[in-house]
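Quick notes on the structure that follows.
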Amino acid sequence: MIALLLRDLRLAVRAGGGFGLGLAFFLIVVVLVPFGVGPETAVLSRIAPGILWVASLLAALLSLDRIFALDFEDGALALIATSPLPLEGAALVKALAHWITTGLPLTLVAPALGFLLSLAPEAYAYLLLSLLIGTPALSMIGTFGAALTVGLRRGGLLLSLLVLPLYVPTLIFGAEAVRRGADGLDPTGALMLMGGITAGCFAVLPFATAAVLRINLR
Amino acid sequence: MLKVTNLTCVRGGLPVLSGVSFAVAAGHALILRGPNGIGKTTLLRTLAGLQPAEAGQIDYPEDEGAYASHADGIKAALTVTENLTFWADVYGKPVPDDILQRFDLADLAGRMGGTLSAGQKRRLGLARLGVIGRKVLFLDEPTVSLDGFSVKLFADWLQNTHLASGGVAVIATHIDLGMDAPELDLTPFKVAAGQGGGTDEAFL
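Protein chains in written order, with our numbering: chain A, 457 to 674; chain B, 114 to 317.
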């Protein structure tokens with residue numbers, strides 16, 4: 457499993473791997489928002505939590521269709537499925553590799569972008585924490601979606617339609633935690649619920665992903 | 114070592130082969146013959162466990178099977194050595210020192226997978242079989258895009274390394290590998306069109 461993780465990370469940072477694309481997309485979306493809604497800091501700081509969270513959803517979505525599609529096309533997925541590596545483990549590792557190459561960098565740059573949107577100073581810690589807890593769920597749900605659409609032509613579009621509604625709970629609690637942090641309220645409840653969603657995703661979805669992959673590989 | 118009894122293989126919900134039975138003893142190979150579309154790939158994928166058999170028994174030691182498809186699963190952004198090391202790590206085996214020489218890849222060790230020619234990729238894909246150390250190999254047209262010399266290299270590895278150490282291979286191929294192996298023609302096992310009923314899964 458570590459071999460697969462290292463391989464996926466290595467592939468992501470090599471030429472054509474798309475590492476940084478999601479991050480660049482995130483930066484651009486967030487930078488564009490002030491141009492759209494105007495420079496009033498009061499408005500910006502009100503919408504900042506929501507914008508940052510929606511932008512990170514979209515950025516995570518960008519690279520989802522590559523999770524299994526490339527391995528499916530060059531035959532590596534069938535070889536992995538017949539290897540001693542359990543497919544459930546492979547699904548987990550794929551989600552983890554996706555998170556390390558998209559979710560983690562997003563989390564780390566988000567505070568800097570919060571500054572651009574004049575996010576309330578009290579909210580930075582919660583922005584970082586909520587993204588840290590929430591983005592793994594985005595990767596895991598997305599991995600499941602990628603397994604559902606692997607082998608389909610134009611699967612990327614269908615993937616977005618399948619996955620975005622499933623991102624809603626994470627988005628609601630993630631943005632809520634940051635908003636409550638900004639308003640000086642206690643965001644623990646939202647953070648805990650989001651943690652529950654992430655833990656639930658990681659408990660169930662590797663198995664669902666493996667089952668779906670087995671059917672798609674037939 | 115490998116024993117198949119009364120196997121029915123399904124492709125796209127329809128049975129394509131039925132009543133397939135054969136046995137391969139350790140140290141021997143079996144060559145599958147038959148025209149295009151007869152179900153050689155389906156049979157090999159069923160044997161490798163990628164798709165379920167509708168009926169029949171497949172017996173070989175657990176965790177000893179390995180499958181090699183038309184596609185080699187080579188990553189364009191990894192070097193030849195990295196590609197092989199990855200598979201060795203997945204199977205928890207060391208990379209044999211002479212494997213690159215055996216498949217004439219020594220000069221290409223540092224090259225990116227994406228810059229290899231079709232035949233070189235194929236040789237790398239076959240070298241994977243030498244790395245993973247599995248005893249029961251299911252090979253689907255292993256010699257596609259190989260030149261005569263490379264076919265000899267591969268047949269030599271198969272005969273003198275894999276089979277000689279007690280391995281088994283089931284090979285679907287249209288060419289003569291120059292090996293002394295029994296052949297199995299799949300034509301008699303073909304399920305005639307319309308027979309065996311359609312699928313009851315309307316959306317598959």
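C-beta: ideal position from N, C-alpha, C; glycine also.
Item to complete: Can you give me the start and stop residues for the alpha helix (DSSP H) that Y580 of chain A sits inside?
Response: In the DSSP annotation of this structure, the continuous segment of the alpha helix (DSSP H) that includes Y580 of chain A starts and ends at 580-605.
Worksheet item: How is M225 of chain B classed by DSSP in three states: helix, strand or coil?
Response: M225 of chain B carries a strand assignment under DSSP once its states are collapsed to helix, strand and coil.
Discussion item. Taking a contact to mean a Cβ-Cβ separation below 8 Å, would you say V203 of chain B touches L541 of chain A in this structure?
Written reply: yes
Worksheet item: Enumerated in chain order, which unbroken segments of the beta strand (DSSP E) with a length of 3 residues or greater are wholly contained in the stretch 145-216 of chain B?
Response: 168-172, 178-181
Practice prompt. Work out the CA separation of Y180 of chain B and E296 of chain B for me, nearest whole Å.
Written response: When rounded, the distance between both Cα atoms is 19 Å.
Worksheet entry | Sequence-distant residues of the same chain with beta carbon closer than 8 Å to G222 of chain B, five excluded per side | Per the sequence shown, residue 222 of chain B should be read as Ala rather than Gly. T192, V193, T194, L213.
Worksheet item: Do L533 of chain A and D527 of chain A come within 8 Å of each other at the CB atom, strictly closer than that value?
Response: yes
Practice prompt. State the start and end residues of the unbroken alpha helix (DSSP H) segment that holds F267 of chain B.
Written response: 261-270
Discussion item. With distance defined between alpha-carbon atoms, name the residue in A:A633, A:L649, A:M650 nearest to D642 of chain A.
Written reply: A:A633
Worksheet item: What do you get for G311 of chain B, buried or exposed, if any count of 16 or more other CB atoms within 10 angstroms of its CB means buried?
Response: Below a pLDDT of 50, predicted positions are generally treated as unreliable, and G311 of chain B, at 49, falls in that range; the measurement from the model is reported next regardless. Looking at its Cβ environment, which holds fewer than 16 other Cβ atoms inside 10 Å, G311 of chain B is exposed.
Item to complete: Flag this pair as touching only if the stretch 258-266 of chain B and the stretch 227-242 of chain B have three or more C-beta atom pairs under 8 Å; answer yes or no.
Response: In short, these stretches touch, since the Cβ pair count reaches three.
Worksheet item: Thinking C-beta only, is R522 of chain A closer than 8 Å to F199 of chain B?
Response: Taking 8 Å as the Cβ cut-off, F199 of chain B and R522 of chain A do not qualify as a contacting pair.
Worksheet item: Nearest CA to the CA of F600 of chain A: which residue from A:V624, A:G640, A:L661?
Response: A:L661
Fill in: Cβ-Cβ separation, A566 of chain A to L585 of chain A (assumed contact under 8 Å), whole Å
With a beta-carbon spacing of about 11 Å, L585 of chain A and A566 of chain A fall beyond the 8 Å limit used to define contacts.
Fill in: For V549 of chain A, the three-state DSSP class (helix, strand or coil)
Helix, per DSSP.
Fill in: In DSSP terms, what D303 of chain B is bridged to
Note that residue 303 of chain B is Lys in the sequence shown here, rather than Asp. Partner(s): B:L130.
Fill in: Chain-ordered chain B contacts of L541 of chain A [CB-CB under 7 Å]
V203
Practice prompt. Quick one: using the 10 Å Cβ neighbour count with 16 as the cut-off for buried, is G243 of chain B buried or exposed?
Written response: buried
Worksheet entry | Range covered by the beta strand (DSSP E) that runs through D298 of chain B | 296-298
Practice prompt. For the stretch 478-494 of chain A, enumerate the residues whose C-beta is nearer than 9 Å to any C-beta of chain B, in chain order.
Written response: none
Worksheet item: Would a check of beta-carbon distances place R522 of chain A closer than 8 Å to chain B?
Response: no
Worksheet item: Relative to the C-alpha of C122 of chain B, which residue among B:A168, B:H183, B:A184 is closest?
Response: B:A168
Worksheet item: Of all the options B:A136, B:Q272, B:N273, which has the alpha carbon lying nearest to the alpha carbon of Q170 of chain B?
Response: B:A136
Discussion item. Rounded to whole angstroms, what is the Cα-Cα separation between D530 of chain A and D185 of chain B?
Written reply: 7 Å
Worksheet entry | Cβ pair A579 of chain A, A664 of chain A closer than 8 Å | No, Cβ-Cβ distance for A579 of chain A and A664 of chain A is not below 8 Å.
Worksheet item: How would you write the range of the beta strand (DSSP E) that T121 of chain B sits in, first residue to last?
Response: 115-124
Practice prompt. Examine chain B for any beta-carbon lying closer than 8 Å to the beta-carbon of R609 of chain A, and answer yes or no.
Written response: no
Worksheet entry | V257 of chain B - containing beta strand (DSSP E), residue span | From DSSP, V257 of chain B is part of no beta strand (DSSP E); its letter is neither H nor E.
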